[in-house]
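*Asks:* Position in the sequence shown (first residue = 1) + 87 = my numbering.
First, the structure itself, so that you have it in front of you.
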Amino acid sequence: MYKVCPNEKETLFVLALYQIPKGEHIPPSVKEGDKVLLPEFGGTKIEVNEKEMYIFRDSDILGKWSE
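Now the structure itself:
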């Protein structure tokens, strides 16, 4: 039986902010709707419309997969 990991989440929003010295943007490794595996601790907790959400850096994502 498949057991859902508590750190398995779906991305809701992706923002590319990382820049290299030449001023070019590095695209994020995930897109909206991707299923990702996150570390047990970390991220920045925010509350949007009374719903708890977390912000993670692209480098914090442990993996992603599709079904």
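Note that CB positions come from ideal geometry on N, CA and C, so glycine has one too.
It should be emphasised that the depicted structure is a prediction, and the values quoted were computed from it without experimental measurement.
1. Kindly indicate which residue of V123, N136, V135, E119 has the alpha-carbon position closest to the one of I148.
2. Taking C-beta to C-beta, are G150 and Y141 nearer than 9 Å?
3. Pull up the distance between the alpha-carbon of L125 and that of V101, whole angstroms please.
4. Closer than 7 Å by C-beta to V135: which residues in its own chain qualify, once you throw out the five before and the five after it? Chain order, please.
*Replies:* Reading off the structure:
1. By one-based count along the sequence shown, residue 148 stands at place 61. Nearest of V123, N136, V135, E119 to I148, Cα basis: V123.
2. Here the question's residue 150 lines up with position 63 in the sequence shown. Here the question's residue 141 lines up with position 54 in the sequence shown. No, Cβ-Cβ distance for G150 and Y141 is not below 9 Å.
3. For this step, residue 125 is matched to residue 38 along the sequence shown. For this step, residue 101 is matched to residue 14 along the sequence shown. Per the coordinates, the alpha-carbon of L125 lies some 15 Å from the alpha-carbon of V101.
4. Taking the first residue of the sequence shown as position 1, residue 135 is located at position 48. Excluding the 5 residues flanking it on each side, V135 has no same chain C-beta neighbour closer than 7 Å.
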